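Asks: Got a structure for you, written out below as C-alpha cells; questions coming shortly.
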Amino acid sequence: MLVSVEAANQKTAWPGKIAPPPHLAVSPCSVKVTHLQLNFSELHFQPEQFLAFRINNGSIGVRFRRQLLYWFFYDVGSIKTWAEGVNIHTLMELSRDEGGRLKITNMSCSASIAHMHAGFSGTLRKVYEFVARLITRGVRYLLSQQICPALNHAGLVLLNSLLDTVPVRNPVDKYVGSDYSLLSDPHVTAESIDLDFKGMFFPLRSENETLPNVAPEPLLRETERMVYMGLSEYFFDSALFSYYRAGVLSMEFVGDEVPKDLEVLLRASFFGTIILLDPDVVDAPLTLRLQVTKAPHCTIRPSGTYISVSALLNIFLAPPDQPLILLSSLIMESRLNAKVVLHNKAVRAHLDLRRFRIYSNQSAFESLAQSPSLFLAERTKRGVQIPLPEGMDFTQEAVRTHLGYLTIGADLHFTKGLREVIEKLRETPGPSLASTAA
C-alpha cells in the first residue's frame, strides 16, 4: 500500500544532549513524509481488551529543509531520507468511559528501522555526502523516536475524537431519546470484539421512566459479515413504550379530516342514535379520537416480526360552541407485520396490517382497520440511528429473525477518509460532535 502523507511546517531538534558550539544554528524544518509503504501490515484482536496493529518490513520516505548558520558559513538545502525495514508494533487497550462510550485508554508501541539512506541538495551538498553515514545515523535515530509518539497521538487523541462522534444518548425526535451506552468494557476474543449496549429508549419528559428488560439476550453466531447486531424484543418494546408514555400514540380527525365515505358509513350506522338528538345538532360534523390504551408490544419469531396494538376509538358529534356528543366507543385490536430493514445507518420498520378485530354492538367498520397503524408507521418509517462513527456506513445488510430477537449483519464501508473526518472534527466544537453524528 502506498500512501502520501504530509506534515508541513514542523520543527525538529537533533537528538542528544550535547550543546551546539557558539553561533551554530541548525534548524531542520518543513518535515514531510513523502511516502509510506507497508509491505506487510496486520490488524488483529488480542484478548481480553486489546487491538493490535503490526507493520513489518515497511519503508518511509522523509524530506525536510535544513538551514545552517555558523559564523560566516550559511547553508540552505534539503535532505531526502529513505528508511527501510521499518517494524512497528502497537497495542491499543479498549474500555468503557464514564459516559458509556468506547474509548482507547492506553497504548503501547515499539518501533525500529533496519536501514537508512539519504540524499542531499544545497550549497554544502558535497560536505553532507562526505559525512552521510554519520548524518543518516542521526536521522535514523530521530525518525525511530518520532514514530511511536505520532502513533500514540493518533490513537489517544485523533481516534478518540472520532469515537466521540458515535451517538450514545441522544434525542430521536422531540418526544423520545435513545441510549446506546456500553454496559461493560469490550470483550475481545481472538476472532471478534463483543460490545454490550443498552439499546433502549426513553420519553424525553421523563427520562427515568423506562421499561424493564426481560427479553432474552441475542446470540450472534454468524460470521459472513464484518459486523453483526442483535436487537431483542426489548429494543422495539422500549421504543413503543416511550412513545406511548410521551402521549403521542393518538390521532384526532375533525370535520373535513374524516373521509367522506367513512362519514357516510358512520352516520348510517348511528342513524338511530342521531335521529333522537336535538335537531340542531343532527348535521354537526363528526370527530374521531383514536387513542392507544396500552403500550404496543413487539413479538419476534423466526417467521417474522409483529406488533400488537390495542386502541379505543371514540366517535363524537361536534356541534359548534357546544360540548361533544359521544355516539359510540369502539375497542380495536390490530396485529401488524413489521419488515425491519437497515438503511443509511438507521433501523426502520415498514408496517402492514395482518389481523384486525373490532368490538362494538354495531357492525364492524373494516374501513377503520388501518387506523391504528397510521401513527405507528409515522414513527417507525423515520428509523432509529445505529451508533457508528462519522465517515463509516453499512453495506450488504442482511436481517434474520430468531426466537425473541433479530440479527442484522453488514459490512463496513468508509465513506470519508480518516484524515478528512479528523480535519472536520478540528473545525467543530467538541460538545456538538455527538449531536452532529446523530
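So the sequence shown is residues 1 to 438, counted in my numbering.
Here a beta-carbon is modelled for each residue, glycine too, at the ideal position from N, C-alpha and C.
If you're wondering where the values come from, they're calculated on a predicted model, not measured in any experiment.
Between which two residues does the alpha helix (DSSP H) containing Q46 stretch?
Replies: Within the sequence shown, residue 46 is the residue found at index 46, counting from 1. Unbroken run through Q46 is the beta strand (DSSP E), 40-46; no alpha helix (DSSP H).
Asks: Check each candidate in P203, R382, P302, L159 and name the one with the smallest Cα separation from K174.
Replies: Taking the first residue of the sequence shown as position 1, residue 174 is located at position 174. K174 has its Cα closest to that of P203, out of P203, R382, P302, L159.
Asks: Please state whether the Cβ-Cβ distance between E233 and T407 is less than 8 Å.
Replies: Translated into positions along the sequence shown, residue 233 becomes position 233. Translated into positions along the sequence shown, residue 407 becomes position 407. Cβ distance not < 8 Å, so E233 and T407 don't count as in contact.
Asks: For W82, which residues of its own chain have a beta-carbon under 6 Å away from its beta-carbon, when the five flanking residues on both sides are left out?
Replies: Mapped onto the sequence shown, residue 82 falls at position 82. Closer than 6 Å at the Cβ level, and outside the excluded window around W82, lie G61, H117.
Asks: For the alpha helix (DSSP H) containing H402, name the first residue and the last one.
Replies: Looking up residue 402 in the sequence shown gives position 402. H402 -> no alpha helix (DSSP H), and no H or E assigned at all.
Asks: Would you kindly check if the distance between the Cβ of K198 and the Cβ of S184 is under 8 Å?
Replies: Residue numbering aside, residue 184 sits at position 184 when the sequence shown is read from its first letter. Residue numbering aside, residue 198 sits at position 198 when the sequence shown is read from its first letter. Cβ atoms of S184 and K198: not closer than 8 Å.
Asks: What residue range does the beta strand (DSSP E) around R125 cover?
Replies: On the sequence shown, residue 125 is found 125 positions in, with the first residue counted as 1. Per DSSP, R125 belongs to no beta strand (DSSP E); it is in the alpha helix (DSSP H), 125-130.
Asks: State buried or exposed for S110, treating a residue as buried only when at least 16 other CB atoms are found within 10 Å of its CB.
Replies: Taking the first residue of the sequence shown as position 1, residue 110 is located at position 110. Looking at its Cβ environment, which holds fewer than 16 other Cβ atoms inside 10 Å, S110 is exposed.
Asks: Out of P320, I315, A295, state which residue places its alpha-carbon closest to the alpha-carbon of S328.
Replies: Indexing the sequence shown from 1 puts residue 328 at position 328. Answer by Cα proximity: I315.
Asks: Taking the straight line between their C-alpha atoms, what separation do you get for T305 and K339?
Replies: Taking the sequence shown and counting its residues from 1, the one referred to as residue 305 is at position 305. Taking the sequence shown and counting its residues from 1, the one referred to as residue 339 is at position 339. The alpha-carbon atoms of T305 and K339 are separated by roughly 7 Å.
Asks: Give the range of the alpha helix (DSSP H) segment to which V264 is assigned.
Replies: Numbered from 1 along the sequence shown, position 264 holds the residue referred to as residue 264. It spans 260-269 - the alpha helix (DSSP H) in which V264 sits, taken as one unbroken run.
Asks: With a cut-off of 8 Å on the beta carbons, I'd call V384 and S178 a contact; round off their distance for me.
Replies: As a working note, residue 384 is residue 384 in the sequence shown. As a working note, residue 178 is residue 178 in the sequence shown. Yes, V384 and S178 are in contact; Cβ-Cβ is about 6 Å, under 8 Å.
Asks: Is it true that the segment 185-193 meets the segment 150-165, where meeting means three or more beta-carbon pairs spaced less than 8 Å apart?
Replies: With the cut-off at 8 Å, the segment 185-193 and the segment 150-165 do not touch.
Asks: Going straight from the alpha carbon of P389 to that of H44, what length do you get?
Replies: As a first step, residue 389 is located in the sequence shown; it is residue number 389 there, counting from the start. As a first step, residue 44 is located in the sequence shown; it is residue number 44 there, counting from the start. Looking at the two C-alpha atoms, the distance is approximately 20 Å.
Asks: Could you give the residue range of the alpha helix (DSSP H) that holds F241?
Replies: Numbered from its first residue, the sequence shown carries residue 241 at position 241. Start and end: 233-245.
Asks: Per DSSP, what are the beta-bridge partners of V176 in this structure?
Replies: For the purposes of this step, residue 176 is identified with residue 176 of the sequence shown, where counting begins at 1. Partner(s): P203.
Asks: Have a look at R225 and E48 and give me their C-alpha separation to the nearest angstrom.
Replies: Indexing the sequence shown from 1 puts residue 225 at position 225. Indexing the sequence shown from 1 puts residue 48 at position 48. Spanning the two alpha carbons is a distance of roughly 22 Å.
Asks: Is there a Cβ from chain B that is less than 8 Å from the Cβ of D185?
Replies: Here there is only one protein chain, and chain B is not present.
Asks: Does the distance from the CB of L336 to the CB of D321 come in under 8 Å?
Replies: Mapped onto the sequence shown, residue 336 falls at position 336. Mapped onto the sequence shown, residue 321 falls at position 321. No, the pair does not count as a contact, with Cβ atoms beyond the cut-off.
Asks: For L231 and P216, what's the separation of their Cα atoms in angstroms?
Replies: Stepping through the sequence shown from its first residue, residue 231 is reached at position 231. Stepping through the sequence shown from its first residue, residue 216 is reached at position 216. Distance between the alpha carbons of L231 and P216: 10 Å.
Asks: Could you give the distance in angstroms between the alpha-carbon of P21 and the alpha-carbon of T136?
Replies: The residue you call residue 21 lines up with position 21 of the sequence shown. The residue you call residue 136 lines up with position 136 of the sequence shown. Model confidence at P21 stands at a pLDDT of 47, short of 50, so the residue's coordinates are unreliable; what they give is reported in the following sentence. Those two C-alpha atoms are separated by around 21 Å.
Asks: Please classify F271 as buried or exposed, where buried requires at least 16 neighbouring CB atoms within 10 angstroms.
Replies: Translated into the one-based positions of the sequence shown, residue 271 becomes position 271. F271 is exposed by the Cβ-count criterion.
Asks: Excluding sequence positions up to five away, which residues of its chain have a Cβ less than 8 Å from the Cβ of L342?
Replies: As a position in the sequence shown, residue 342 is number 342, starting the count at 1. Taken in chain order, the residues that qualify are R348, I386, F394, E397, V399, I408, A410.
Asks: With a Cβ-Cβ cutoff of 8 Å, do F64 and K32 count as a contact?
Replies: Working through the sequence shown from its first residue, we reach residue 64 at position 64. Working through the sequence shown from its first residue, we reach residue 32 at position 32. Yes.
Asks: Where does the unbroken alpha helix (DSSP H) through N160 begin, and where does it stop?
Replies: Locating residue 160 in the sequence shown gives position 160, where the first residue counts as 1. Residues 160-163.
Asks: Per DSSP, which one or two residues make a beta bridge with T81?
Replies: As a working mapping, residue 81 is identified with position 81 in the sequence shown. T81 pairs with V62, A118.
Asks: Round the Cβ separation of R66 and G58 to the nearest angstrom and send it over; I've been treating them as touching at under 8 Å.
Replies: For this step, residue 66 is matched to residue 66 along the sequence shown. For this step, residue 58 is matched to residue 58 along the sequence shown. Actually they do not touch by this definition, with Cβ atoms about 25 Å apart.
Asks: Please tell me whether L376 and I307 are closer than 8 Å, where the distance is taken between their beta carbons.
Replies: Counting from one through the sequence shown, the residue named residue 376 turns up at place 376. Counting from one through the sequence shown, the residue named residue 307 turns up at place 307. Their beta carbons are under 8 Å apart, which means L376 touches I307 by this criterion.
Asks: Just confirm the distance between the C-beta atoms of T90 and F53, as a whole number of angstroms; I'd bet it's less than 8 Å.
Replies: One-based indexing of the sequence shown puts residue 90 at position 90. One-based indexing of the sequence shown puts residue 53 at position 53. That belief holds up - the Cβ atoms of T90 and F53 are roughly 5 Å apart, short of 8 Å.
Asks: Alpha carbon to alpha carbon, what distance is there between H402 and L425?
Replies: Position 425 of the sequence shown, counted from the first residue, corresponds to residue 425. Position 402 of the sequence shown, counted from the first residue, corresponds to residue 402. If you take the alpha carbons of L425 and H402, they lie about 39 Å apart.
Asks: In this structure, how does DSSP classify T136 when only helix, strand and coil are distinguished?
Replies: As a working note, residue 136 is residue 136 in the sequence shown. Of the three classes helix, strand and coil, the one that applies to T136 here is helix, per DSSP.
Asks: Pull the bridge partners of R96 from the DSSP assignment, please.
Replies: Looking up residue 96 in the sequence shown gives position 96. According to DSSP, which records beta bridges pairwise, R96 is partnered with L102.
Asks: Please state if the CB of T293 and the CB of L312 are separated by a distance shorter than 8 Å.
Replies: Within the sequence shown, residue 312 is the residue found at index 312, counting from 1. Within the sequence shown, residue 293 is the residue found at index 293, counting from 1. Result yes, Cβ atoms of L312 and T293 sit closer than 8 Å.
Asks: According to the neighbour-count rule (16 or more other Cβ atoms, all chains shown, within 10 Å of its Cβ), is E420 buried or exposed?
Replies: Position 420 of the sequence shown holds residue 420. The residue is exposed, with fewer than 16 neighbouring Cβ atoms inside 10 Å.
Asks: For F40, count the other beta carbons within 10 Å of its own beta carbon; 16 or more makes it buried, fewer makes it exposed. Which is it?
Replies: One-based indexing of the sequence shown puts residue 40 at position 40. Burial call: exposed.
Asks: Would you identify the three-state DSSP class for N152, choosing helix, strand or coil?
Replies: Position 152 of the sequence shown, counted from the start, is the residue given in the question as residue 152. Correct three-state label for N152: helix.
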